[in-house]
Each structure stands twice: as structure tokens, then as C-alpha cells.
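See below for the structure under consideration.
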Ligand SMILES: [Zn+2]
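Numbering (the numbering used here), first residue to last: 93 to 369.
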């Protein structure tokens with residue numbers, strides 16, 4: 093635990109200022125983002141399950157040692173082909189949410205980026221259409237690219253993980269001689285795990301974007317330090333409760349990141365205005 097900055101401040105008498113400057117976690121954006129993620133994941137999984145139930149499966153399916161290669165040729169390949177479109181859609185969605193976060197955080201209107209997806213490669217963020225607001229806010233372009241790419245990588249891991257799981261289940265089915273209906277059901281039951289993961293990713297990534305935008309907004313105002321402020325309820329982690337009121341330099345956050353950055357963290361930075369400067 094990094095406890096390098098030790099300027100503890102009394103908590104009393106800070107409430108009115110705290111309310112006035114509070115940087116809220118954008119809960120409604122998180123909810124929107126989750127529902128968009130769900131529906132694009134849902135489309136992908138529906139296609140996969142459809143392909144599985146329509147697959148012409150040989151009679152000796154589970155007795156044959158070639159089952160896995162059959163599956164990867166007939167089922168896996170189609171699933172992989174569907175991924176390129178899915179990933180591109182995810183990247184466009186992420187970019188849209190980035191634009192929304194920047195609008196909430198800085199009141200800056202960003203045009204959507206041109207998002208391209210190179211199969212087997214990463215997401216490509218092209219130039220923006222319309223007026224280039226990045227000329228006045230160059231940091232936004234850098235943050236947008238980083239956030240959209242990191243986020244898309246996380247979401248891409250969901251279908252990839254799912255395909256790995258399907259291969260494992262199939263191997264088990266072969267080893268244990270399951271009936272095909274049992275295998276189909278086992279694969280379809282896996283659907284709920286990525287859904288939970290989508291909630292986690294959405295909550296985490298919106299929090300990180302919010303945290304990054306709030307840090308940058310302070311920099312724009314020439315603020316160098318902030319006080320750590322927490323939700324001060326039973327859900328807040330103990331290390332963060334211990335940091336309440338502690339001052340941090342914007343460029344030297346604690347090991348787990350600035351307020352709002354760690355997963356499910358609802359803490360926020362209270363700017364320290366340096367009047368003398
Ligand atoms: Zn926290």
C-alpha cells in the first residue's frame with residue numbers, strides 16, 4: 093500500500109465543499125453501457141447457439157476421436173468468422189461511450205472516431221469526422237485511443253473465453269461419452285458467465301474513464317493536488333476509508349490508481365486549489 097503522502101486532514105467542516113465539488117460516478121452511463129454490451133453479446137451467442145443446434149452432427153459424434161476437429165472446423169470456424177463484425181461493433185460502441193463520458197466530464201463535444209477493425213489484429217481508431225476538437229484538447233485523442241483499445245480487448249476476451257470453454261466442455265463430453273443433448277445444454281448453460289463478466293467490465297471501464305477524465309479536467313484548471321474522498325459507507329474498501337482527506341499529487345497516485353480507478357471504487361477527488369500560485 094502506498095502511503096507516501098501523509099497530509100491527513102480533519103473531516104469536520106468539509107461537507108458543504110464536498111457536496112459542491114463532488115465528481116459523481118455516472119451510474120446511468122454504466123447502465124446504458126451494460127445494456128448495449130448485453131445486446132451485442134446476446135446477438136453473438138444466439139448465432140453461435142443456433143449454429144450448434146443446426147449442426148449436422150455425425151451419428152458416431154461422441155465416440156469418434158475426430159470430434160474436436162469436427163467441431164473446430166464446422167462450429168468454431170463460423171463462430172470466429174462472426175467475431176470480426178462483433179468486435180467492430182464493440183469498438184464503435186466503446187467510442188460512443190467515450191464521447192459521452194467526455195461530454196459529461198468536460199462539456200466538450202467530440203465527433204465519433206472512424207473505427208475500423210482489422211481481423212486478427214487490434215482496433216484501429218481513425219481520424220474524427222467533422223470539426224477536429226482535438227486541436228484544442230490534444231490529450232483527448234490519446235485517451236480516447238487508449239481507452240477504446242483497452243476496453244475492446246477486454247470485451248473481445250468474452251467470446252474467446254467462451255470458445256475455449258466450449259472446447260473444454262466438448263473434450264469432457266468425449267472423455268465421458270455424453271449424449272449430444274447433454275453437450276448442447278452444457279454449452280448453452282455457459283451463457284450466463286460472460287454476462288456477469290460484461291457487468292464487471294462495464295462498471296470497471298466506465299469508472300476508469302470517469303477517473304481519467306476527472307484527473308485531466310483538474311490538470312486543465314492547473315490543479316496539482318486533490319484530496320481523497322470516499323463514499324464513506326460499508327461498501328468502501330478499508331484502504332480507501334483510511335485515505336479519506338489525504339492529499340495526493342495528480343501525477344503520483346497511490347499504487348492502485350487515482351480515486352474511481354480501482355474496480356468498483358466510488359471514491360472521487362476533491363480538487364485542492366492553490367491560491368498562492
Ligand atoms: Zn474507493
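Ideal Cβ positions, reconstructed from N, Cα and C, are used throughout, including at glycine.
1) Taking the straight line between their C-alpha atoms, what separation do you get for residue 350 and residue 133?
2) Report the residue from 329, 363, 331 whose alpha carbon sits nearest the alpha carbon of residue 340.
3) With distances taken Cα to Cα, identify the nearest neighbour of residue 295 among 140, 361, 247.
4) Between residue 332 and ligand 1, is the CB less than 8 angstroms from at least one heavy atom?
5) Taking the C-alpha atoms as reference points, what is the distance between residue 250 and residue 309?
6) For residue 326 and residue 184, I'd like the C-alpha separation in whole angstroms.
7) For residue 311, count the other beta carbons within 10 Å of its own beta carbon; 16 or more makes it buried, fewer makes it exposed. Which is it?
8) May I ask you to report which of helix, strand or coil DSSP gives residue 313?
9) Taking the alpha helix (DSSP H) that residue 273 belongs to, which residues open and close that run?
10) Roughly how many whole angstroms lie between the Cα atoms of residue 346 and residue 300?
11) Could you compute how far the alpha carbon of residue 157 sits from the alpha carbon of residue 259?
12) Within 8 angstroms: the Cβ of residue 301 and any heavy atom of ligand 1?
13) Can you tell me which of the three DSSP states residue 125 falls into?
14) How long is the line joining the alpha carbons of residue 141 and residue 365, rounded to whole angstroms?
15) Contact defined as beta carbons within less than 8 angstroms: I believe residue 322 pairs with residue 331. What is the distance between those atoms, to the nearest angstrom?
16) Hey, would you say the C-beta of residue 328 is under 8 angstroms away from at least one heavy atom of ligand 1?
17) Take the Cβ of residue 127 as the centre, count every other Cβ of all protein chains shown within 10 Å, and call the residue buried at 16 or more, exposed below.
18) Given 8 angstroms as the limit, tell me if residue 358 has its C-beta closer than that to any heavy atom belonging to ligand 1.
19) Count the other CB atoms within 10 Å of the CB of residue 297; is the residue buried (16 or more) or exposed (fewer)?
The short version:
1) Going from the Cα of residue 350 to the Cα of residue 133 covers about 30 angstroms.
2) It is 363.
3) When only C-alpha atoms are compared, the closest one is 247.
4) Yes.
5) If you take the alpha carbons of residue 250 and residue 309, they lie about 32 angstroms apart.
6) C-alpha separation (whole angstroms): 37 angstroms.
7) Around the beta carbon of residue 311, fewer than 16 other beta carbons lie within 10 angstroms, which makes this residue exposed.
8) Here residue 313 carries a coil assignment [DSSP, helix/strand/coil].
9) Segment 272-281, the alpha helix (DSSP H) holding residue 273.
10) Here the alpha carbon of residue 346 sits roughly 15 angstroms from the alpha carbon of residue 300.
11) Confidence at residue 157 is low in this model, with a pLDDT of 47, below 50, so its placement is unreliable and the value that follows should be read with caution. Going by the C-alpha atoms only, they are around 14 angstroms apart.
12) Residue 301: no, Cβ never under 8 angstroms from ligand 1.
13) The answer is helix: DSSP assigns residue 125 an H, G or I state.
14) The C-alpha of residue 141 lies about 56 angstroms from the C-alpha of residue 365.
15) Rounded, the Cβ-Cβ distance is 10 angstroms, inconsistent with contact.
16) For residue 328, the distance from the CB to the nearest heavy atom of ligand 1 is below 8 angstroms.
17) Classification of residue 127: exposed, given that the 10 Å Cβ count is below 16.
18) For ligand 1, at least one heavy atom lies less than 8 angstroms from the Cβ of residue 358.
19) The residue in question, residue 297, is buried, as its Cβ has 16 or more Cβ neighbours within 10 Å.
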